[in-house]
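A.B. asks: Quick one: the structure is below, questions incoming.
Given below as structure tokens:
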């Protein structure tokens, strides 16, 4: 319980970031939805991976809460089982990639040894893992019609969304760091 109390601000912030990104995705790419829950461009995928990499368990819990909210109120309001499972899988996939990165690849939780190459690998792995887990669950329910197309759309959507989010943030940070010294006045 102490763990949750200490990390509540991170959990709430990551959930809020995910939901803001979801709204942005709905506004910027309204025609990118192939079927409910599968988009050609899905910005929240990038936020899921980013928050989980940055905040570990707390980020994953925040993503889980936000995923359940989005599934229950937006994607599948009439199907509580699908809402629960989609939300769980959506938070589980980036967390599994995080565990793989820290335990197998030796990624430090501080991300001090996260290289561009390693980040790209994690993005690709996540863009495959999440759709794969979703399609496996749907197959267990007997929903196999169109699974190959849904899988490909979700891979493309998660990959494009992750790349857009990660590199937009990277570019923004670079611009801030580059332009900040130019704003200083001589003699300050």
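In this note's numbering, the protein residues as written are 2 to 189. Glycine is no exception: its CB is placed at the ideal position from the N, C-alpha and C atoms. This one's a predicted model, so the numbers in the text were calculated from it and none came from an experiment.
Considering only the alpha carbon of each residue, which of 56, 57, 46 lies closest to residue 68?
C.D. replies: On the chain shown, residue 68 is found 67 positions in, with the first residue counted as 1. Residue 46 is the option with its Cα nearest to residue 68.
A.B. asks: May I have the straight-line CA-CA distance separating residue 107 from residue 116, to the nearest angstrom?
C.D. replies: For this step, residue 107 is matched to residue 106 along the chain shown. For this step, residue 116 is matched to residue 115 along the chain shown. Using only the alpha carbons, I get a separation of about 12 Å.
A.B. asks: Tell me the residue span of the alpha helix (DSSP H) that contains residue 21.
C.D. replies: On the chain shown, position 20 is the one that residue 21 refers to. Its alpha helix (DSSP H) spans residues 3 to 29.
A.B. asks: Put residue 154 into one of helix, strand or coil per three-state DSSP.
C.D. replies: Residue 154 sits at position 153 when you count from the first residue of the chain shown. Correct three-state label for residue 154: helix.
A.B. asks: Just mark residue 154 as buried or exposed, buried being the case when its beta carbon has 16 or more other beta carbons within 10 Å.
C.D. replies: Counted from its first residue, the chain shown places residue 154 at position 153. Its Cβ being crowded by 16 or more others within 10 Å, residue 154 is buried.
A.B. asks: Helix, strand or coil for residue 35 per DSSP?
C.D. replies: Numbered from 1 along the chain shown, position 34 holds the residue referred to as residue 35. It is a strand residue.
A.B. asks: Return the first residue and the last residue of the alpha helix (DSSP H) that residue 125 is part of.
C.D. replies: Translated into the one-based positions of the chain shown, residue 125 becomes position 124. First-last of the alpha helix (DSSP H) with residue 125: 117 to 141.
A.B. asks: If we count the other Cβ atoms within 10 Å of its Cβ and call it buried at 16 or more, is residue 6 buried or exposed?
C.D. replies: Along the chain shown, one-based indexing puts residue 6 at 5. Residue 6 comes out exposed.
A.B. asks: Please name the residue or residues paired with residue 40 in a DSSP beta bridge.
C.D. replies: Within the chain shown, the letter at position 39 stands for residue 40. Residue 40 is bridged to 34.
A.B. asks: Assuming residue 129 and residue 167 make a contact with CB atoms under 8 Å, what is their CB distance in whole Å?
C.D. replies: Here residue 129 refers to the residue found at position 128 of the chain shown. Here residue 167 refers to the residue found at position 166 of the chain shown. Their Cβ separation, rounded to whole angstroms, is 16 Å, which puts residue 129 and residue 167 out of contact at 8 Å.
A.B. asks: Please go through the same chain and pick out, in chain order, the residues whose beta-carbon is closer than 8 Å to the beta-carbon of residue 19, but skip the five residues on each side of it.
C.D. replies: Along the chain shown, one-based indexing puts residue 19 at 18. Result list for residue 19: 45, 48, 49, 52, 63, 64, 67, 68, 71, in chain order.
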